[in-house]
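J.: Just dropping this structure here.
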Amino acid sequence: GTGSDSCHGARGGLAGGVVALVNSVGLGPGLRAWAGAGGARGESWRAWGGAGRGAGPRLPGLGHGAFLWAQVGYQDFHAFDLSEATRVLEWIGDKGVFVAGYESRKKNEILHLTLPFRLSVKENQGLFPERDFKVRHGGFSDRPVFDLKHVPDTRLLVTSGLPGCYLQVWQVAEDSDVIQAVSTIAVHEKEGHLWPRVAIFSSVAPGILHGVRLSSLKVVDLESQKTMYTSGVSDSDELSSLQVLDAHTFAFCCTSGRLGLVDTRQKWAPSENLSPCPGSGGGRWCAEVGGRGRGPGPHIASLGSDGHLCLLDCRDLSHPESSVQCAVSTPSPAPELLRVTWAPGLDNCLAISGFDGTVQVYDVMSWDGMGGQAEPLFTHRGHVFLDGNGIDTAPLVTTHTWHPQKPRTLLSAASDASLHVWDWVDLRASC
Amino acid sequence: MPEIRVTPLGAGQDVGRSCILVSIGGKNVMLDCGMHMGFNDDRRFPDFSYITRNGRLTDFLDCVIISHFHLDHCGALPYFSEMVGYDGPIYMTHPTQAICPILLEDYRKIAVDKKGEANFFTSQMIKDCMKKVVAVHLHQTVQVDDELEIKAYYAGHVLGAAMFQIKVGSESVVYTGDYNMTPDRHLGAAWIDKCRPNLLITESTYATTIRDSKRCRERDFLKKVHETVERGGKVLIPVFALGRAQELCILLETFWERVNLKAPIYFSTGLTEKANHYYKLFITWTNQKIRKTFVQRNMFEFKHIKAFDRAFADNPGPMVVFATPGMLHAGQSLQIFRKWAGNEKNMVIMPGYCVQGTVGHKILSGQRKLEMEGRQVLEVKMQVEYMSFSAHADAKGIMQLVGQAEPESVLLVHGEAKKMEFLKQKIEQEFRLLPSAKKPRLLHGTLIMKDSSFQLVSSEQALKELGLAEHQLRFTCRVHLHDSRKEQETAARVYSHLKSVLKDHCVQHLPDGSVTVESILIQAAAHSEDPGTKVLLVSWTYQDEELGSYLTSLLKKGLPQAPS
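First to last, the protein sequences are chains A and B. UniProt numbering applies: residue 1 is where the first sequence begins, and numbers increase by one. UniProt numbering applies: residue 1 is where the second sequence begins, and numbers increase by one.
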């Protein structure tokens, strides 16, 4: 194109660098090309004049659309606006997700949305005008919902929030479109500002794993509310995530970065890491188990609010395999929203969010050693560029999730109530 | 407790033919008279037997109201009025009145000529039906009879679409028809005042939909067009003359300009004239932006979009063509389609719903071998895409409308009752939260003491009680003009000047020589001392203060020179 300026993103993260460029006054219309600092491997995209504020006259009816169209790297991209922002994206099967509001002063909605039909079919199979989400069920929660888990093979949901330390159990009606509150699970915790993390042991008699701190970690039977397992320790480490791995094992991650794998058939004796990721100093951590690193077994990816991303082999948590510094501006403004997820359909890929309005995808195989810089395979910037409010109130991605079937499709939600479904192209030959 | 009875004769259980019977205060009103597009037999018409049981329709029904020109809201009207039999008034807005018969005739042609149907209304019936139409303006209170009055409100959605308030005494119902609460490129958003009807009947088909952003749909549209054109293919977009065609044109023009594309874009000539005509006629029905651009330049003075000539269809190379009719059932769009269908580099983008039986419907259903006249088989290799830009209210929009109108009750019109439980709860929670004591109600009245008791009465009544006449406050301003002609000629000049400048207002020249603009009176008088000067007396009531001041400053600037 004509008049293209090549700009290498600042080391502090492409997201930060690009946002600054778009915001600067005096940018005229015309072609601008940004290339990822990693050269061929980074994603590249052209922003046609008109993208973002201060970048020349906004053409009637084109605006950000031009940016989106010209963006190389997306196979598909759909943007939606929910009526309320959500911190929750929980799958039910592969065609539906739950979202829930988290505002403190009003009734929040819990919605069961079915994905646009168009997204669940292969290419070119006739015509699918259905590109909209449908609200299949809805319910009302008096308090904000910070976490929501679906109990597999049932019509039940468990939510966690504040105030009050209890878990709410919901039923998704079969013959109507309501989600009804049915019961609560007491969580005896005296702290007002902490809310219990939840994970589900799915079985004929589902068990609810929950806890605020390691000391209050327990598994209760959903129906009888009988306690099936407790940690039995007095450690007061605050929990940031819980994940059920199979019928007997679960993983926990504390905000301090302390990780552990627990077998519920034994008294509390988790295999743990000894300290958080080397090279990092404090901050808040979350983690997820999944993926296959260099070894054959599952790995844990641990993400810190200072941008550190650590990879540990589950068989030996004491020595992290590798660690990198992510290409994000740090520290995270909302460490509670940090999220790291493994791609269920791709080897060695994970996604992170919670630092800004972007979601980044990384390939862990490309890391070597400890503490080096990592460049993302792909960065989703849609929430930033479609934000109508202006840069001062740039939205923050509140959560993201991978599509269970389609390997490169993700859903992401942001604080401005936007919900995106996007499918990225891996610009390398294989992944 | 007012008794209002609502009987859906069509869209209650079935989205497709809207027809609702409302009984209020002893009056019977039919809301919409739509045709179900999916059926070929009697099921496509609403079930009128319910009301014919009561005797003659004309006696039973006080009026029929049509919300907009889409066939699922007016398609059964000629059948109803001419074949079933109804001679009473049919109310609709002016644009609806203008456009309805065109769509009805188009549809009649497909049904009878293409599908060979026998029991269908004729062209004459359409004409006779339209003779019964009484057109209404927005916000105009229309007295249907001594007790029944109706009022139309802007609904967005399509040109001329309206929501109607039906009032009998103190009972009222508001029927929304189809509406949308977000403005688009050429239409504004629906709006209603705090009329507080007993019942609000609203469309809720899209209440459970979360639509992807318009930008994404537009982006997809542009992407498809661009890709096709880049590989040398041709894009056909069959459109109806009004509405989406304009939007898509503006979109393409801007995009072509931005990306500096050279491929030609064409617009069917018939389309341009018709569209221009209707937009000019109904300019107040479009949104602010359109009105502004329309005044400055002709809507169709595009740099990149040119008038189409049928010969162009054979030109080699890429191009984009907008052609009528919209469902590919006849005419130019079908002709072009037949020429281009065999090449897989080409693309046809259907921008809306296609009636069964049309080529548009067939190809959207996936059919790739079409039988044309004379047993010719057309193989469709070109890409077929569907892109809907239609505007409907989603859950958020419905909540907004309920918030504006503040009804006592809401009736959701939808196919499945069970699927509306959540929305029902949502509305109940949102709008019944405030007990009426907390809702401020504005009263304008006078407190009088009568027979040692206080009474709050209307201002008019208070004046009557006191034997006082209401005073009208009028302002008068004098504007001096250099004009040596007679007063009558000055007044005439003032009239023609104001008439040309104030297009939005009612300017009249009265027999006594004075000029009125709305309620403002302008009279020309001679100056007592100077024969070369005339004095204009401009007087207005306190309610018209703004317009009055504006007129005064306008006149102070002087009149344009009269041609000699």
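For glycine and all other residues, C-beta sits at the position ideal for the given N, C-alpha and C. Source: prediction; values computed, not measured.
(1) For Leu261 (chain A) versus Thr249 (chain A), is the C-beta spacing smaller than 8 Å?
(2) Between which two residues does the beta strand (DSSP E) containing Ser49 (chain B) stretch?
(3) Could you say which of B:Phe267, B:Met449, B:Glu545, B:Lys362 lies nearest to Lys306 (chain B) if we only look at CA atoms?
(4) Suppose you measure from the CA of Thr446 (chain B) to the CA of Ser459 (chain B); what does that come to, to the nearest Å?
(5) Apart from the five residues on each side of it in sequence, which residues of its chain come closer than 8 Å, Cβ to Cβ, to Val359 (chain B)?
(6) Counting C-beta neighbours from all protein chains within 10 Å, is the total for His480 (chain B) 16 or more, i.e. buried, or is it exposed?
(7) Would you say Val229 (chain B) and Phe322 (chain B) are within 8 Å of each other, going by their C-beta atoms?
(8) Which residues of chain A have a Cβ atom closer than 7 Å to the Cβ of Asp72 (chain B), listed in chain order?
(9) Find the residues of chain B that neighbour Ala79 (chain A), judging by a C-beta separation of less than 9 Å, and give them in chain order.
(10) Output, in chain order, the set of chain A residues within a Cβ distance shorter than 7 Å of Glu421 (chain B).
(11) Kindly indicate the opening and closing residues of the alpha helix (DSSP H) around Lys223 (chain B).
(12) Do residue 619 (chain B) and His73 (chain B) have their CB atoms nearer than 8 Å?
(13) What residue from A:Met228, A:Leu167, A:Glu130 has the CA that sits closest to Asp142 (chain A)'s CA?
(14) For Arg381 (chain A), which residues of its own chain have a beta-carbon under 6 Å away from its beta-carbon, when the five flanking residues on both sides are left out?
(15) Residues in its own chain within less than 6 Å of Pro8 (chain B) by CB, not counting five upstream and five downstream?
(16) Are the CB atoms of His68 (chain B) and Ala190 (chain B) within a distance shorter than 8 Å?
(17) Between the stretch 403–422 of chain A and the stretch 81–96 of chain A, do three or more beta carbon pairs fall short of 8 Å?
(18) Which one of A:His112, A:Thr379, A:Val384, A:His403 has the shortest CA to CA distance from Gly73 (chain A)?
(19) Spell out a yes or no on whether the stretch 177–187 of chain B and the stretch 215–226 of chain B are touching, meaning 3 or more CB-CB pairs, one atom from each, closer than 8 Å.
(20) Taking the C-alpha atoms as reference points, what is the distance between Gly403 (chain B) and Gln429 (chain B)?
(21) Could you tell me the boundaries of the beta strand (DSSP E) in which Glu379 (chain B) lies?
(22) Mind reading off the beta-carbon distance from Ile150 (chain B) to Tyr91 (chain B)? Whole number of angstroms is fine, and I expect it under 8 Å.
(23) If you compare alpha carbons, which of A:Leu111, A:Ser203, A:Ser160, A:Thr264 is closest to Asp153 (chain A)?
(24) Checking contacts by CB at 8 Å: is residue 602 (chain B) closer than that to chain A?
(25) State buried or exposed for Lys234 (chain B), treating a residue as buried only when at least 16 other CB atoms are found within 10 Å of its CB.
(26) Output the boundary residues of the beta strand (DSSP E) element that contains Trp91 (chain A).
(27) Going by C-alpha to C-alpha distance, which of A:Pro395, A:Thr230, A:Glu103 sits closest to residue 437 (chain A)?
(28) Tell me the DSSP secondary structure of Asp32 (chain B) in three-state form.
(29) For the stretch 395–416 of chain B, which residues have a CB atom closer than 8 Å to at least one CB atom of chain A, in sequence order?
(30) List in chain order: all unbroken beta strand (DSSP E) runs of 3+ residues lying wholly within the stretch 160–202 of chain A.
(31) Where DSSP assigns a beta bridge to Ala413 (chain A), which residues make up the other side?
(32) Alpha carbon to alpha carbon, what distance is there between Asp128 (chain B) and Leu559 (chain B)?
(33) Put Phe322 (chain B) into one of helix, strand or coil per three-state DSSP.
(34) Under the assumption that Leu113 (chain A) contacts Arg136 (chain A) (Cβ atoms under 8 Å), give the Cβ distance between them as a whole number of angstroms.
(35) Using 8 Å for Cβ pairs, my map puts Leu473 (chain B) next to Tyr542 (chain B). What's the rounded Cβ distance?
(36) Compare the Cα-Cα distances from Ser287 (chain A) to each of A:Asn273, A:Glu272, A:Leu303, A:Pro298 and report the closest residue.
T.: From the atom records:
(1) yes
(2) No beta strand (DSSP E) contains Ser49 (chain B), which is instead part of the alpha helix (DSSP H) from 49–52.
(3) B:Phe267
(4) 6 Å
(5) Met327, Leu328, His329, Leu334, Phe337, Leu370
(6) exposed
(7) no
(8) What Asp72 (chain B) touches in chain A: nothing, since even the nearest Cβ is about 17 Å away.
(9) Asp212, Ser213, Arg215, Cys216
(10) Ser176, Asp177, Val178
(11) 214–230
(12) The shown model of chain B, from 1 to 564, leaves out residue 619 (chain B), and the question about it has no answer.
(13) A:Leu167
(14) Thr358
(15) Ile20
(16) no
(17) yes
(18) A:Thr379
(19) no
(20) 12 Å
(21) 377–379
(22) 6 Å
(23) A:Ser203
(24) The question about residue 602 (chain B) has no answer, for chain B in this structure spans 1 to 564.
(25) buried
(26) 90–92
(27) There is simply no residue 437 (chain A) to check, as chain A begins at 1 and stops at 431 in what is shown.
(28) coil
(29) Ala395, Lys396
(30) 166–172, 179–186, 197–201
(31) A:Thr399, A:Leu419
(32) 48 Å
(33) strand
(34) 7 Å
(35) 4 Å
(36) The residue you asked about is not Ser; residue 287 (chain A) is Ala in the sequence shown. It is A:Leu303.
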